[in-house]
Amino acid sequence: MTTTAPAPGTLEAPAAPASRPKRRRSPLPYILATPAIIALLAGMGYPLIWQVWNSFREYGLAQQFGQAPEFVGLDNYIELLTGSEFWGVLAKSVVFMAVTAGATMVLGIGLALLMKHIAGWARITLQVAMLLAWAMPIVAQMTVWNWLIDDRNGVLNYLLSLLPGVDMIGHDWLESPLSFFAVASVIITWASVPFVALSVYAGLTQVSDDVVEAAQLDGAGGFQMLRRITLPILRPILVILLLLQMIWDLRVYAQIELLQGFGAAGTQYDLLGTYIYGLGIGQGHFGVAAAAAMLVMLFTIALSWFYVRELLKEDAQ
Amino acid sequence: MTTTSLPARRKPRRSPMRHIGAGVALVLAVAWAFPVYWMVNSSFLSVTTITALTPTWVPFGGTLANYKNVLQGSTGFTDALLMSLGVTGVALVICIVFAFLGALAISRFRFRGRKALVLAIILVQMLPAEAMFIAQYQMISGLGLLNTLAGVSIIYVAMVVPFTMWMLRGFVAGVPADLEEAAMIDGCSRFGAFMRVTFPLLAPGLVASGVFAFLQVWNEFALASIILTSEQQETLPLWLRNFAQPSSLGMLEWGQVMAGSTLVAVPVIVFFLIVQQRMTQGLVGGAVKG
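First to last, the protein sequences are chains G and P. Each number in my numbering comes from the position in the first sequence (counting from 1) with 83 added on. Each number in my numbering comes from the position in the second sequence (counting from 1) with 1238 added on.
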């Protein structure tokens, strides 16, 4: 199948398997891994180094136009951490993440438990519906939701206005920042629940009937069963799902950017992703933006360290 | 509440809880599918129907005019489609080849630096793209590759190689090396053994990984919005974003926007449904196994 560089000779080698000649030094694995490593260095490694480097330099518009960037030590970081703006955005992002990830987990687990206990046809209907939502490209998701909440012809305002005494026609959901973030949170939750629900459901099907039966014989009721049997067995998968949700919801960019484009531009609608974008590409403060990006990155890596450890364990198996 | 019906699964006697549960499930199914349905529904409605005071719930007597306008008018859809096909094609071929070779290295060999490489491909997946794109923008801009297929592909390859490599690693490890050795004893050359025994067994894995990489690149929005700023060079997600912006008068042809949205989403949904089972397993597989 290969059409590019690596000669067939390199493909031959994997046949020399790991079984016996483990210790023999062969250049082969290095040759095989080289293209991937080069790709990573070019697309990720270099920008990462650039970012670390420039987070310590004065790099603004003047530097864009040729002036040599000056090394300023921790100035960029200090500027961020002593100003109130960064902390404000960070706090908003963390609250947004906590609410969205929390709602996603609760709904996802609830739906998984529900799926476990209903007839097959109902479960499959629910699964198909969730897959449809999950599969939607983000831009299509946001476009459709923007149409659902459209102030004049949106179906949401129409339905709400059917309630006695409520007239929402013409209400703009993206105008107040709180409402803006609530909309974003609902959309992201809607889009993330399917992954959580289906993963937890897959985990639930692994809880063996014997264990359940034994617990029942011992007199465990429904709630006890959930607390003592089901949740402990699901714990590892729940931890990973929660971590992934937290990471994804903290670094949400596309959804916020798109919603802003649909009708609410301004810094009060920013979360970390759009804030960094605004700092760097928007205003040209690349040094400060790089420092902000570094802080977010460290934060995310700290969050994901547990997940990384799990994956490394998997590799060791 | 649902947990009380746990025993119901064993005893076929039906409890009222089960019916209530099914009812709740149906309501939720409607809630989750509704936006997707509404997109398709609206895409068949004419301007007058769609701006009427009461919504039209089912597109009886609908029109294909919206699709005609999107596809044939000067909306730029076809150009964006070609750009998307180009970017995805280039990034995908390179990514699959590189990731496949890399996966062979880390799953069939123990070599010095292997651990570091594995750690690197995991860590790279954790790096928030949103915290990298300032630097990536600078790099691509420095190379003079803004608004080019090459510029965005460089980043896309680096973005999808780690995940693809990780996924393929699992597939390669799943084919025992003994099988190849057996084929060699039966007279195959090493290369022959690999091509005849291992490679066919890996084909489903390659297809699945390829579809994932495809979905990631095809749907990518954030980076594209930064690197491809010219209207002539936009991919489909960017096209849809711009197409869904209200005009200066605040007017928007929602029927056409939904037709565009449907055109962007439907192929993705089809591909997604093909591979979703593996996706769940891939991300949390280790945890499920315990």
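All C-beta atoms in this analysis are idealised placements derived from N, C-alpha and C, irrespective of residue type, glycine included.
Query                                                                                                                                  : Result
Neighbourhood of Val-182 of chain G by C-beta, 7 Å cutoff - its chain only, sequence neighbours within 5 removed                       : Ser-268
Chain-ordered neighbours of Asn-240 of chain G on chain P, where CB pairs are closer than 7 Å                                          : Those do not exist, as Asn-240 of chain G stays about 10 Å from chain P at its closest Cβ, beyond 7 Å.
Per-residue burial, Glu-296 of chain G [other beta carbons within 10 Å of its own, 16 or more giving buried]                           : exposed
Chain P contact residues for Asp-398 of chain G, given Cβ-Cβ distances below 7 Å                                                       : Val-1356
Residues from the stretch 1457–1471 of chain P in contact with chain G, defined by Cβ distance under 8 Å                               : Asn-1457, Phe-1459, Ala-1460, Ser-1463 and Ile-1464
Contact with chain G by Phe-1452 of chain P, beta-carbon distance below 8 Å                                                            : no
Contact with chain G by Ile-1507 of chain P, beta-carbon distance below 8 Å                                                            : yes
Against chain P: residues of the stretch 195–214 of chain G by CB proximity under 9 Å                                                  : Leu-196, Leu-197, Met-198, Lys-199, His-200, Ile-201, Ala-202, Trp-204, Ala-205, Arg-206, Thr-208, Leu-209, Gln-210, Val-211, Ala-212, Met-213 and Leu-214
Cβ pair Glu-1458 of chain P, Gly-356 of chain G closer than 8 Å                                                                        : no
Residues that Ile-384 of chain G contacts on chain P, provided the C-beta gap is smaller than 7 Å                                      : Met-1364
Burial state of Arg-334 of chain G (16 or more Cβ within 10 Å)                                                                         : buried
Beta-carbon spacing of Ile-330 of chain G, Ile-1372 of chain P below 8 Å                                                               : no
Chain G contacts made by the stretch 1266–1284 of chain P, where a contact means CB separation under 9 Å                               : Leu-1266, Ala-1267, Val-1268, Ala-1269, Trp-1270, Ala-1271, Phe-1272, Pro-1273, Val-1274, Tyr-1275, Trp-1276, Met-1277 and Ser-1280
Amino acids of chain G, ordered along the chain, whose beta-carbon sits closer than 7 Å to that of Arg-1479 of chain P                 : Val-222, Leu-341 and Gly-344
Beta-bridge pairing of Phe-278 of chain G - partner residues as DSSP gives them                                                        : According to DSSP, Phe-278 of chain G bridges with nothing at all.
Residues near Val-1395 of chain P by beta carbon distance below 6 Å, same chain, minus five either side                                : Ala-1329, Ile-1332 and Cys-1333
Asp-292 of chain G burial status per 10 Å Cβ neighbour count (16 or more: buried)                                                      : exposed
Spatial neighbours of Thr-383 of chain G in its chain, beta-carbon cut-off 8 Å, leaving aside the 5 residues before and after          : Ile-330, Leu-333 and Arg-334
Alpha-carbon spacing of Val-238 of chain G relative to Ser-1281 of chain P, whole angstroms                                            : 14 Å
Residue-level contact to chain P via CB, Arg-334 of chain G, 8 Å cutoff                                                                : yes
Cut-off 8 Å between Cβ atoms - residues of its own chain near Ile-339 of chain G, not counting five sequence neighbours on either side : Ala-267, Tyr-352, Asp-353, Leu-354, Gly-356 and Thr-357
Within chain G, partners of Gln-1483 of chain P - CB distance below 7 Å                                                                : Gly-344
Leu-157 of chain G versus Thr-1292 of chain P: straight-line alpha-carbon distance, rounded                                            : 59 Å
Local Cβ density within 10 Å of Glu-1491 of chain P, reported as buried at 16 or more and exposed below that                           : buried
Boundaries (first-last residue) of the alpha helix (DSSP H) holding Pro-1273 of chain P                                                : 1254–1281
Same chain, Cβ closer than 8 Å to Glu-393 of chain G, neighbours up to 5 away in sequence not counted                                  : Pro-319 and Ile-323
Members of the stretch 247–268 of chain G that neighbour chain P once the beta carbon cut-off is set at 7 Å                            : none
Complete alpha helix (DSSP H) runs within the stretch 1432–1517 of chain P (minimum length 4 residues, chain order)                    : 1437–1457, 1460–1465 and 1474–1481
Nearest neighbour of Val-1413 of chain P, chosen from P:Thr-1313, P:Met-1397 and P:Gly-1443 [CA to CA]                                 : P:Gly-1443
Cβ pair count under 8 Å reaching 3, the stretch 1456–1476 of chain P against the stretch 1418–1435 of chain P                          : no
Proximity test, Cβ basis, 8 Å: Ile-271 of chain G and chain P                                                                          : no
CB of Thr-1402 of chain P within 8 Å of CB of Phe-1450 of chain P, strictly                                                            : yes
Met-1489 of chain P: contacting residues in chain G (beta-carbon distance under 7 Å)                                                   : Within 7 Å Cβ-Cβ: nothing; Met-1489 of chain P doesn't reach chain G, min ~11 Å.
Within-8 Å CB hit, Leu-287 of chain G to chain P                                                                                       : no
Boundaries of the alpha helix (DSSP H) in which Trp-475 of chain G is found, first to last residue                                     : Lying before the first or after the last residue shown, residue 475 of chain G is absent from chain G, which here runs from 84 to 400.
Arg-1256 of chain P: contacting residues in chain G (beta-carbon distance under 8 Å)                                                   : His-200, Ile-201 and Ala-202
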